[in-house]
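A.B. asks: Okay, here's the structure, questions in a sec.
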């Protein structure tokens, strides 16, 4: 692993640690301490999601134009400001402003870091190092390790009780991002964006939209990624409902989340090594979708058993599918797009998929309300339907990309 690779993986770990030390406890703070209504809390959380996932494409565009370093630094600075503002926010308007700023900071940071780790994974692979999915799997494991440690750190701070507990968690999260900002300021190399200094597509919104929508192979990958993201989102929708049905409470939910994060941290390396000996990147992505579909089928078949067996099988299989699918998808992206636009397409992949999840949220909620095994089987069919949308890497592109890593295209 190169120094830049270590920096990016470490910053992803720290970023998620600081994020998950605060955000899981935001709803309780808004309803309990500030006394906001459920409708307002839902609005706040929805705005945070939109300002983050929905604006990933903006962070990607800026990364392509100015290079990853300034975008990462601005993202860290905004996240520090957002958490400090959130600590002091007491009205609806200030809470909305702070949470939107926190989300937009991630919309800058994440596409810049994700596109740069993809470039670095390619450099390592082309220099004779391990396959690019090895680096990308380590990056995913670093993020999940932060997701595992962050809530525990936040719960310790919140154990102090009272108003000051949430503020302390916010300031602790801000301090983590100050460290990330300092590390990237000192260690991240300076890189230029596009030579032209203009956004991809020649400038303007319409050319950029045409660039994305005109890449059919990328859109096919986006369909598969949206199906994955929709399935993964059921950890927060279908899984709690299943626990409530089978056990009468959601007490085991935290343990299952911990199990999922631990599996990603511990199993990413071995699973990637096994996949690398048997599967190419599209094959690993399709296998991941099959395992994800199997997680829903297993839950449907085990629902008649007492206890959490259905929920446990769903969590384990879904996580294993994620371990296979996510690095493979990220590894395929450079073979589908011009490297000058990697930031744009990295952001667009997340933004378009998030829009699909948003559109499907209400119908899936209604579907789960029907009860029984049928909703699980229908949800499991979605990843199967997208197996054929995973684009096959052309023979001339296998082992290399459409542009040489580390240099700008013509």
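Residue numbers (the numbering used here): 15 to 424. A virtual CB, placed ideally from N, CA and C, is assigned to each residue, including glycine. A quick note: this is a predicted structure, and the numbers were derived from the prediction, not measured.
How many Å lie between residue 149 and residue 383 at the Cα?
C.D. replies: The straight-line gap from Cα to Cα measures roughly 40 Å.
A.B. asks: What are the start and end residues of the alpha helix (DSSP H) that includes residue 230?
C.D. replies: 230 to 246 is the span of the alpha helix (DSSP H), which, as asked, contains residue 230.
A.B. asks: When you compare the CB positions of residue 44 and residue 37, do they come within less than 7 Å of one another, or not?
C.D. replies: Cβ atoms of residue 44 and residue 37: not closer than 7 Å.
A.B. asks: For residue 278 versus residue 135, is the C-beta spacing smaller than 7 Å?
C.D. replies: Not closer than 7 Å, so no.
A.B. asks: What's the C-alpha gap between residue 86 and residue 27?
C.D. replies: Roughly 15 Å separates the two Cα atoms.
A.B. asks: Taking only the alpha-carbon atoms, compute the straight-line gap between residue 98 and residue 46 and give it to the nearest angstrom.
C.D. replies: Rounded to whole angstroms, residue 98 to residue 46 spans 20 Å at the Cα level.
A.B. asks: Which term fits residue 35, buried or exposed, when burial requires 16 or more other beta carbons within 10 angstroms of its beta carbon?
C.D. replies: Buried, since its Cβ has 16 or more Cβ neighbours within 10 Å.
A.B. asks: Grouping DSSP H, G and I as helix and E and B as strand, with all else coil, what is residue 211?
C.D. replies: At residue 211 the pLDDT is 45, less than 50, meaning the model places this residue with poor confidence and gives no usable figure here.
A.B. asks: Does DSSP put residue 39 in a helix, a strand or coil?
C.D. replies: Helix, per DSSP.
A.B. asks: Are at least three pairs of beta-carbons, each pair with one atom in the stretch 306 to 325 and one in the stretch 350 to 360, less than 8 Å apart?
C.D. replies: The answer is no - the stretch 350 to 360 does not touch the stretch 306 to 325, with fewer than three Cβ pairs under 8 Å.
A.B. asks: If you compare alpha carbons, which of 162, 139, 297, 111 is closest to residue 268?
C.D. replies: Nearest of 162, 139, 297, 111 to residue 268, Cα basis: 162.
A.B. asks: Flag this pair as touching only if the stretch 321 to 338 and the stretch 106 to 125 have three or more C-beta atom pairs under 8 Å; answer yes or no.
C.D. replies: No contact exists between the stretch 321 to 338 and the stretch 106 to 125.
A.B. asks: Between residue 118 and residue 65, which are expected to be in contact by the criterion C-beta below 8 Å, what is the C-beta distance as a whole number of angstroms?
C.D. replies: Correct: roughly 5 Å between the Cβ atoms.
A.B. asks: Tell me whether residue 210 is buried or exposed, calling it buried when 16 or more other Cβ atoms sit within 10 Å of its Cβ.
C.D. replies: Legend: pLDDT at residue 210 = 39, less than 50; position of this residue unreliable, value from coordinates given subsequently. The residue is exposed, with fewer than 16 neighbouring Cβ atoms inside 10 Å.
A.B. asks: For residue 78, name the three-state secondary structure that DSSP assigns.
C.D. replies: If DSSP states are grouped into helix, strand and coil, residue 78 belongs with the helices.
A.B. asks: Between residue 189 and residue 25, how many whole angstroms is the CB-CB distance? I'm expecting something under 8 Å.
C.D. replies: Actually they do not touch by this definition, with Cβ atoms about 15 Å apart.
A.B. asks: Please identify the residue among 53, 32, 31, 30 whose C-alpha is closest to the C-alpha of residue 11.
C.D. replies: The question about residue 11 has no answer here: the residues shown for the chain are numbered 15 through 424.
A.B. asks: Spatial neighbours of residue 241 within its chain, please: CB distance less than 6 Å, with the 5 preceding and 5 following residues excluded, ordered by chain position.
C.D. replies: 396, 397, 400, listed in sequence order.
A.B. asks: Thinking residue 338 and residue 371 are a contact (beta carbons under 8 Å), I'd like their distance in whole angstroms, please.
C.D. replies: Not confirmed; about 20 Å, so no contact.
A.B. asks: Nearest by alpha-carbon distance to residue 273: which of 306, 232, 332 is it?
C.D. replies: Ranking 306, 232, 332 by Cα distance to residue 273 puts 332 first.
A.B. asks: What residue does the alpha helix (DSSP H) around residue 346 start on, and which one ends it?
C.D. replies: Note, residue 346: alpha helix (DSSP H), 323 to 350.
A.B. asks: Taking DSSP as the reference, what is the three-state secondary structure of residue 305?
C.D. replies: In this structure, residue 305 counts as helix in the three-state DSSP scheme.
A.B. asks: Please report how far the alpha carbon of residue 364 lies from the alpha carbon of residue 223, in whole angstroms.
C.D. replies: If I take the Cα positions, the gap works out to 15 Å.
A.B. asks: Can you tell me which of the three DSSP states residue 84 falls into?
C.D. replies: In this structure, residue 84 counts as helix in the three-state DSSP scheme.
A.B. asks: Report the option in 262, 139, 302 whose CA atom is closest to the CA atom of residue 243.
C.D. replies: Selected option, being the one with the closest Cα: 302.
A.B. asks: Helix, strand or coil: which one does DSSP assign to residue 404?
C.D. replies: In the structure shown, residue 404 sits in coil (DSSP, three-state: anything other than H, G, I, E or B).
A.B. asks: How should residue 402 be labelled, buried or exposed, when 16 other C-beta atoms within 10 angstroms of its C-beta is the threshold for buried?
C.D. replies: Residue 402 should be labelled exposed.
A.B. asks: Output needed for residue 236: all residues of its chain with C-beta closer than 7 Å, excluding positions within five of it in sequence on either side, in chain order.
C.D. replies: Cβ within range, chain order: 363, 366, 367.
A.B. asks: Using DSSP with H/G/I as helix, E/B as strand and the rest coil, what is residue 222?
C.D. replies: In the structure shown, residue 222 sits in a helix (DSSP, three-state: H, G or I).
A.B. asks: Please say whether residue 93 and residue 426 have beta carbons closer to each other than 7 Å?
C.D. replies: Residue 426 lies beyond the residue range present for the chain, which begins at 15 and ends at 424; the question has no answer from this structure.
A.B. asks: Between residue 391 and residue 314, how many whole angstroms is the CB-CB distance? I'm expecting something under 8 Å.
C.D. replies: The Cβ separation is near 5 Å, so the contact holds.
A.B. asks: Measuring only the C-alpha atoms, how far is residue 393 from residue 306?
C.D. replies: Using only the alpha carbons, I get a separation of about 10 Å.
A.B. asks: For the candidate residues 389, 357, 127, 376, whose alpha-carbon lies nearest to that of residue 22?
C.D. replies: Looking at the Cα atoms, 127 is the closest of the given residues.
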